[in-house]
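A short worksheet on the structure shown next.
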Amino acid sequence: MEISRRNFIKISGAAAAASLVSPKRPALAGDPPGGTANGFGCLVDTTLCIGCRLCEQACNERNQLAKPKVSFEEMSVLDKMRRMDETSYTVVNRYARIEEDPGELINSPTFVKFQCMHCHDPACVSACIVGALNKQPDGPVTYNVKKCIGCRYCMIACPFQVPAYEYHKALTPQVRKCTFCFQEIQNGKLPACVQTCPREVLTFGKRSELLHLARWKIKTHPGRYQERIYGEKEVGGTSWLYLSALPFESIGLPRLGNEAPPRLTEAIQHSLFQYFAAPLILFAALGGVMGLTGYLNKRRDRVNPEPGEEDRS
Amino acid sequence: MSHLVASAPVTGKRFLTPGVWVLLSFMGVGFVFLFLRFFFGIGAVANLTNQFPWGIWIGIDVASGVALAAGGFTTGALAYVFNRRQYHAVIRPALLTAMLGYTFVVLGLMVDIGRYWNIYSPMFNWNGNSVLFEVAICVMLYLNVLYIEFLPIVIERFKGRVKLPGAPAFVNRMAEKILSVAEGILGKVMFVFIIAGIVLSFLHQSSLGSLMLIAPYKVHPLWYTPILPLLFLLSAIAAGYPMVTLESILVAKSLGRRPEMEVLTPLAKSMPIFMGLYLVVKVGDMIVRGTYRYLLDGTTQSNAFLVEILIGVILPFVLVLFKRVRASAGWLLMASTIFVLGILLNRINVFLVSYSPPYILKAYFPALGEIFITMGLIATLMFLYRVFVFIFPVLGAHPVKGTAILVLVTVLAGPFFFPGRVFSEEVIDYNAKKTKKIVAGVRPTDTVAPKERSLNHPMINRYSDLFEPVPFKHSKHLKAIKNQDCTICHHRQPRDKGDRYGEPVKMRDLQRLQKLPVSCSSCHEQPFNPKQIHVPGLKGAYHQLCLDCHQKSEKERMAGRLVLSKDTKKDPYISAEKKRPLNDCLTCHAKKGVAAGNMAQVEKGKKY
Numbered sequence: 571m572e573i574s575r576r577n578f579i580k581i582s583g584a585a586a587a588a589s590l591v592s593p594k595r596p597a598l599a600g601d602p603p604g605g606t607a608n609g610f611g612c613l614v615d616t617t618l619c620i621g622c623r624l625c626e627q628a629c630n631e632r633n634q635l636a637k638p639k640v641s642f643e644e645m646s647v648l649d650k651m652r653r654m655d656e657t658s659y660t661v662v663n664r665y666a667r668i669e670e671d672p673g674e675l676i677n678s679p680t681f682v683k684f685q686c687m688h689c690h691d692p693a694c695v696s697a698c699i700v701g702a703l704n705k706q707p708d709g710p711v712t713y714n715v716k717k718c719i720g721c722r723y724c725m726i727a728c729p730f731q732v733p734a735y736e737y738h739k740a741l742t743p744q745v746r747k748c749t750f751c752f753q754e755i756q757n758g759k760l761p762a763c764v765q766t767c768p769r770e771v772l773t774f775g776k777r778s779e780l781l782h783l784a785r786w787k788i789k790t791h792p793g794r795y796q797e798r799i800y801g802e803k804e805v806g807g808t809s810w811l812y813l814s815a816l817p818f819e820s821i822g823l824p825r826l827g828n829e830a831p832p833r834l835t836e837a838i839q840h841s842l843f844q845y846f847a848a849p850l851i852l853f854a855a856l857g858g859v860m861g862l863t864g865y866l867n868k869r870r871d872r873v874n875p876e877p878g879e880e881d882r883s
Numbered sequence: 374m375s376h377l378v379a380s381a382p383v384t385g386k387r388f389l390t391p392g393v394w395v396l397l398s399f400m401g402v403g404f405v406f407l408f409l410r411f412f413f414g415i416g417a418v419a420n421l422t423n424q425f426p427w428g429i430w431i432g433i434d435v436a437s438g439v440a441l442a443a444g445g446f447t448t449g450a451l452a453y454v455f456n457r458r459q460y461h462a463v464i465r466p467a468l469l470t471a472m473l474g475y476t477f478v479v480l481g482l483m484v485d486i487g488r489y490w491n492i493y494s495p496m497f498n499w500n501g502n503s504v505l506f507e508v509a510i511c512v513m514l515y516l517n518v519l520y521i522e523f524l525p526i527v528i529e530r531f532k533g534r535v536k537l538p539g540a541p542a543f544v545n546r547m548a549e550k551i552l553s554v555a556e557g558i559l560g561k562v563m564f565v566f567i568i569a570g571i572v573l574s575f576l577h578q579s580s581l582g583s584l585m586l587i588a589p590y591k592v593h594p595l596w597y598t599p600i601l602p603l604l605f606l607l608s609a610i611a612a613g614y615p616m617v618t619l620e621s622i623l624v625a626k627s628l629g630r631r632p633e634m635e636v637l638t639p640l641a642k643s644m645p646i647f648m649g650l651y652l653v654v655k656v657g658d659m660i661v662r663g664t665y666r667y668l669l670d671g672t673t674q675s676n677a678f679l680v681e682i683l684i685g686v687i688l689p690f691v692l693v694l695f696k697r698v699r700a701s702a703g704w705l706l707m708a709s710t711i712f713v714l715g716i717l718l719n720r721i722n723v724f725l726v727s728y729s730p731p732y733i734l735k736a737y738f739p740a741l742g743e744i745f746i747t748m749g750l751i752a753t754l755m756f757l758y759r760v761f762v763f764i765f766p767v768l769g770a771h772p773v774k775g776t777a778i779l780v781l782v783t784v785l786a787g788p789f790f791f792p793g794r795v796f797s798e799e800v801i802d803y804n805a806k807k808t809k810k811i812v813a814g815v816r817p818t819d820t821v822a823p824k825e826r827s828l829n830h831p832m833i834n835r836y837s838d839l840f841e842p843v844p845f846k847h848s849k850h851l852k853a854i855k856n857q858d859c860t861i862c863h864h865r866q867p868r869d870k871g872d873r874y875g876e877p878v879k880m881r882d883l884q885r886l887q888k889l890p891v892s893c894s895s896c897h898e899q900p901f902n903p904k905q906i907h908v909p910g911l912k913g914a915y916h917q918l919c920l921d922c923h924q925k926s927e928k929e930r931m932a933g934r935l936v937l938s939k940d941t942k943k944d945p946y947i948s949a950e951k952k953r954p955l956n957d958c959l960t961c962h963a964k965k966g967v968a969a970g971n972m973a974q975v976e977k978g979k980k981y
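Keeping their order, the protein sequence lines are chains A and B. Residues in the first sequence are numbered from 571 upward in steps of one, following our numbering. Residues in the second sequence are numbered from 374 upward in steps of one, following our numbering.
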């Protein structure tokens, strides 16, 4: 391998130029995560939910999902913990009251509706290799199947374990998750679950107003709620918010920190690729070492040529 | 490529040995499962679920595959960047392993990803925030770099031997000419690719570690550390020479040759340095983060971590410290194998063992299909290695024909067009508000209250219309409620138009003011009114009030006794269902469409 210095500089310069236009964009500093200050949200008041499963049915019908084996009127399905899957974007689970408390709903279990939380700074969106998942400015996290390659990294990333996958489709499996009925809410309509909820467990509106409402509820019903709004700060805030009489951990809402997971990974990635400095420096350093050792070798060979070693280039 | 110790295709050996037949049978079984996977979906052969979306196809085929192909860039760095010519003997086998290894990483990925025909999508749809995107682009580029690095070996094989049967002499001469020109160009630019290969390896080997950093609440703290990318890089570098050693000795044994200890022993000298560096950083990280307190938990995870670090790292590290170990083919093989398996375990640990999602319905264990496909891929890789060394001067490629065709077909398969779903529904008219006037001049008593009402309103049907309305008997309720207190339901009275909160209703005040309680719909008509978002809509208000009260009445005496939910079933069509709980809609409602007897079919709204 012979490298003249001039040659090396020429070629490494070309490589550097090529790498500058290559796909990796340098850090988009100050990229607002989500930009959803005024986005829509939904407040789930779990103290009101009676587990009628109408939201599941409405969601299933509006999204034209496969009909479940057991009818939506069958309440015994609540005996088991369920999670969202390709036939359901939302499920209601029942959590038995651990300690009796002298509220209005004595000894009655708590029902909790689960669906995509539509995070402000969604891990799935940051993780998606092709940008098939997007946070819309008005709140929903949407999925574009045309870009998707089916790597399921979004499912790894989601702290709420929401996205589900169609494992039994051979050619066109999709990631399935709650869409927040984004087309409807853009046109001033309601998400299917909210629209159908008989007790208005779900309140739809601007997230900022929902936070007000939640605080108002906590204030005007002392003792009824935990004095915390789940989703206000969790993983950077979520569009869906929860109120509960019981500690959130005991009704299936995971204990999460306030930092959004993408902040760490994006910080690492972007500092590594800022102006392509790190890769280019490494490239240049390796090139330098290569040139230097090659030169030293050659000099040594001239001083005492090794027998049998011949340069065939 | 220069400075190469003469390499030649393997000759004078039987190609098909019993070992090769074993490989072929594994490939056969793997192929059957592969067929099932591609024709019936991932779910047909794998235990992957919504809780565990990644299994051994990612943990072993991809993550471990990349780590164990690190021999390519580590020996490349040693032989070319540091110009240690004595190591050229191992560079070609290491290069072949890396090339085949990465090819199989991509094949493993094709098996794992659901829309494999869309695998080119990352080339057009960039997400610079995604770690996986960076890994994918780097692996793609590196794979091409590896193919380019392998080209000189192919040229060497055919140069001076072009004798196309039946072709005129000038064609052969031209082919020769092309080969020698190609060799010349490649020789001049190869160093760019060699360095690029190392840089790309650094990038994606480390980023593979960053992959799991996106899931801080799922990965066990023993492994979850912000320096996971550094650990991945260090472990990949440390795994490079053991992998080359392992492979070299195994191949020598398989072909009945003498292991090249004169190269491998000096190579092994650097092993303790890299292993030690990895060990120090890993243990140091554990101490800094204080995660050592999980070590003796006795859980699967803590045990896996102990095995990984005690047997997988410390044991081989100690072994290669001994000169005798480094000098003996058997011992060196053992130490290298243990370390390689340790790194394999590390990758499996990070991607699978450490991963515990918040909701587990079923634990993950790889299905037979996953195992056989993985084994089939590994067997194919080993088989192809043998094919290559028999054909090319590696000790040396079909330009992986099958692979090329597969990739070509998938690229040509093109994007399928999936029309998005179109929802159609009538627009909700938020302005359809109709307030009732407060009727004044009447003294409100229980006799004035309507006897029976249908709890219905056009607004309710606007949202959903799954059930018949509930007949509500005013008189019955009045009798049941203590002190005939209307305020339980008619709880607030709006003072002015647009009043947000209303004043609390007291029957005494109503009588003094000669006012009737306001109907529910005057405040509660419209749900989610941004101006009064705390006021539920009519349907929500009815359900909240009725259900709350009835839940209470099952536990407290009202009207002198408990009012149970079955008492509410007065409609003949509903009372057939005896044992419905309160949260069942059919406790109070008749289903829409069922002939509802004497219940008025109020407002037939549109079927939702």
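Every residue, glycine too, gets a C-beta built ideally from N, C-alpha and C. As the structure is a prediction and not an experimental result, all values here were calculated from the model.
Start and end residues, alpha helix (DSSP H) containing residue i
| i | result |
| --- | --- |
| B/N517 | 504 to 531 |
| B/T753 | 741 to 764 |
Alpha-carbon to alpha-carbon, residue j and residue i
| i | j | result |
| --- | --- | --- |
| B/E522 | B/A467 | 11 Å |
| B/M400 | B/I687 | 35 Å |
| B/C511 | A/T712 | 27 Å |
| B/I716 | B/I433 | 11 Å |
| B/H864 | A/V764 | 25 Å |
| B/M472 | B/I431 | 18 Å |
| A/K868 | B/M563 | 19 Å |
| B/P615 | B/G444 | 8 Å |
Local conformation of residue i per DSSP, three classes
| i | result |
| --- | --- |
| A/S658 | strand |
| B/Q424 | coil |
| B/G649 | helix |
| B/E898 | coil |
| B/A963 | coil |
| B/W490 | helix |
| B/T390 | coil |
| B/N722 | helix |
| A/T680 | strand |
| A/C612 | strand |
| B/W596 | coil |
| A/E626 | helix |
Extent of the continuous beta strand (DSSP E) to which residue i belongs
| i | result |
| --- | --- |
| B/L734 | Here B/L734 belongs to no beta strand (DSSP E), and DSSP marks it neither H nor E. |
| A/G923 | The requested residue 923 of chain A does not occur in the structure, where chain A is confined to residues 571 to 883. |
Residues of the region 849 to 870 of chain A whose Cβ lies closer than 8 Å to any Cβ of chain B, in chain order: P849, L852, F853, L856, G857, V859, M860, T863, G864, L866, N867
Should the region 572 to 579 of chain B be called in touch with the region 634 to 651 of chain B, which here means at least 3 C-beta pairs below 8 Å? Touching, no.
Taking contact to mean at least 3 C-beta pairs separated by less than 8 Å, is the region 769 to 776 of chain A in contact with the region 619 to 632 of chain A? yes
Contact between the region 733 to 742 of chain B and the region 450 to 465 of chain B: three or more CB pairs below 8 Å? no
State whether the region 598 to 609 of chain B contacts the region 476 to 486 of chain B, with contact taken as three or more CB pairs (one from each stretch) at a distance under 8 Å. Look at the beta carbons and you see the region 598 to 609 of chain B not touching the region 476 to 486 of chain B: under three pairs across the two are nearer than 8 Å.
Assess, as a yes-or-no matter, whether the region 789 to 801 of chain A is touched by the region 629 to 646 of chain A under the definition of 3 or more beta carbon pairs within less than 8 Å. No, because fewer than three Cβ pairs between the region 629 to 646 of chain A and the region 789 to 801 of chain A fall closer than 8 Å, the two stretches do not touch.
Please identify, using Cβ separations under 9 Å, the residues of the region 910 to 931 of chain B that lie next to chain A, in order along the chain. G910, K912, G913, A914, Y915, H916, Q917, L920, D921, Q924, K925, K928
Between the region 473 to 483 of chain B and the region 546 to 555 of chain B, do three or more beta carbon pairs fall short of 8 Å? Fewer than three Cβ pairs drawn from the region 473 to 483 of chain B and the region 546 to 555 of chain B lie within less than 8 Å of each other, which leaves the two stretches out of contact.
Going along the region 681 to 704 of chain A in order, which residues come within less than 7 Å of chain B, judged by CB to CB distance? A693, S696, A697, C698, I699, V700, G701
Taking three-plus beta-carbon pairs below 8 Å as touching, is the region 499 to 508 of chain B in contact with the region 697 to 717 of chain A? yes
Across the region 378 to 397 of chain B and the region 744 to 758 of chain B, are there enough close Cβ pairs to call them in contact, namely three or more that are closer than 8 Å? yes
If you pair each beta-carbon of the region 623 to 631 of chain B with each one of the region 651 to 660 of chain B, do three or more pairs fall below 8 Å? no
For the region 406 to 423 of chain B, which residues have a beta carbon sitting closer than 9 Å to at least one beta carbon of chain A? R410, F411, F412, F413, G414, I415, G416, A417, A419, L421, T422, N423
Assess, as a yes-or-no matter, whether the region 741 to 752 of chain B is touched by the region 411 to 422 of chain B under the definition of 3 or more beta carbon pairs within less than 8 Å. yes
Residues of the region 446 to 475 of chain B with Cβ closer than 9 Å to any Cβ of chain A, in chain order: Those would be A450, Y453, V454, F455, N456, R457, R458, in chain order.
Interfacial residues, the region 565 to 598 of chain B to chain A, with Cβ spacing under 9 Å: V565, I567, I568, A569, I571, V572, L573, F575, L576, S579, S580, S583, L584, M585, L586, I587, A588, P589, Y590, K591
Contact between the region 608 to 618 of chain B and the region 434 to 445 of chain B (3+ Cβ pairs under 8 Å): yes
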